[in-house]
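A quick write-up on the structure given underneath.
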Amino acid sequence: MENIIKPILVLFLFCGIDITEKNRRWPKLFASIYNATALGVISVKFYCGVVRCFYWRYTLDITITLAHWMMWWAMQIKKNKFIFLIQKMKPLKKELDPFDRQRLPKIAKKYSISVILLSCSCASLWIINLRIFKRTHCPFDVPNADIRNMLMNLAYEFGTAYINNYTIFSFSAFYILNCSVISNSLSMRKKRKNHAFNLYKTLLQHFEGIEETLSPFMLFLFVRIFSGFFMSLYVLLYAVRVRNVTIPFMSFVELFAHATLMMITVLSADHAQRKADQFRLSLYEYRHVISSMEGKYARFVEDSKYLKLTAWGVFTIQKPLLLGVVAWIFTYTTVLLQFS
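Per our numbering: the sequence shown = residues 81 to 420.
Right, here's the structure in full:
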């Protein structure tokens, strides 16, 4: 399992969260860096957008950064449950084809590299945005000033990208990997009766662990993406109406990345649930030979509710959710356009 999840562990390491059973020094160092960066970014936003002169955008930014910081602490508190989920994935790994065992680490590695590049590029492009429009609302009021101030801006933007991206993308990578392992381990090749029921038992336990541990974070992920979209849309319409406002186009690049992440996450979860349900239904072929000891796994209709992945029970993470999101966004956009 280590070779499959290793690229994801690197992302967690950069966040300062150690989801291995080893007590290593590097995660502690990165944890200190993360907390110091979060405190610094929030302090700068508070000074520029509240103390110095009130600016509503910074108030929202402070709320978002605080939410990411709280998510980091929640993940830190629940890291033992993350480790438990990794242990629960090991029996499923044995069901993977050799091709999938080679393919999944490559996908995880590409994902991790993309997250690192996205965070760096977002911060860099924010600086380019400041240089082009020569306008900023703090930090440090400086687009044309000396190198020292530009470095301060660069540190601020990199810190913001670091806090706002790594926790979300690290968690999403872990969630998507769990879904991928489930869906790829449940190929419909013929299995012996005892093995099939043992696998189904493991599957129920793994779904229960995912739901209990990761479901609250999924709710935060969707709330974060929705709030980012609505805020960016409002800023765009306000800029079009006033016409003398710098459009923070990089926020839309970041929003596009988050929307893509949401689609991949939903489709991965949907595929895992469909595969699990197909496997559950395939066990009907044993309905005439189920022994008394295996009887508790025979109530397939009742067990189906345990093969659902939700966001803290608020909604089920399946394909129809994407259609509902699109309809909701279209309605919200139409309402805002009428008032712009």
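Cβ coordinates follow ideal geometry from the N, Cα and C atoms, glycine included.
If you look at A391, you'll find it isn't in any alpha helix (DSSP H); DSSP assigns it neither H nor E.
In the DSSP annotation of this structure, E101 is not part of any alpha helix (DSSP H), being labelled neither H nor E.
Annotation: R272 is outside any alpha helix (DSSP H) and is labelled neither H nor E by DSSP. Annotated three-state conformation of F309 is helix, per DSSP.
Given a length threshold of 3 residues, the segment 275-309 has no whole run of the beta strand (DSSP E) inside it. The C-alpha of A356 lies about 9 Å from the C-alpha of Y280. With contacts defined by Cβ atoms closer than 8 Å, N83 and P178 do not form a contacting pair.
Between N160 and A154, the alpha-carbon positions lie close to 11 Å from each other.
In this structure, the alpha-carbon of F309 lies about 38 Å from that of R104. Excluding five sequence positions before and after P107, the CB atoms of its chain that fall closer than 7 Å to its own CB belong to L93, G96, I97 and D98, given in chain order. DSSP places K174 outside both helix and strand once states are collapsed to three, so it counts as coil.
When secondary structure is reduced to three states using DSSP, Y135 falls in the coil class, being assigned neither helix nor strand. The criterion of a C-beta distance shorter than 8 Å is not satisfied by V346 and L301. Within the same chain, T117 and S199 come within 7 Å of Y242 by CB-CB distance, once the 5 residues on both sides are set aside.
Bounds of the alpha helix (DSSP H) holding G239 are I227 to S265. When the beta-carbon positions are compared, Y114 and K125 stay at least 8 Å from each other.
Proximity to F110 across W152, S123 and V131 peaks at W152, based on C-alpha coordinates. For the segment 107-167, there is no continuous beta strand (DSSP E) assignment of 3+ residues that stays within its boundaries. When Cβ pairs closer than 8 Å are counted between the two stretches, the segment 258-266 is seen to touch the segment 165-172, the count reaching three or more. Taking 8 Å as the upper bound for CB-CB distance, V195 and N245 are in contact here, some 7 Å apart.
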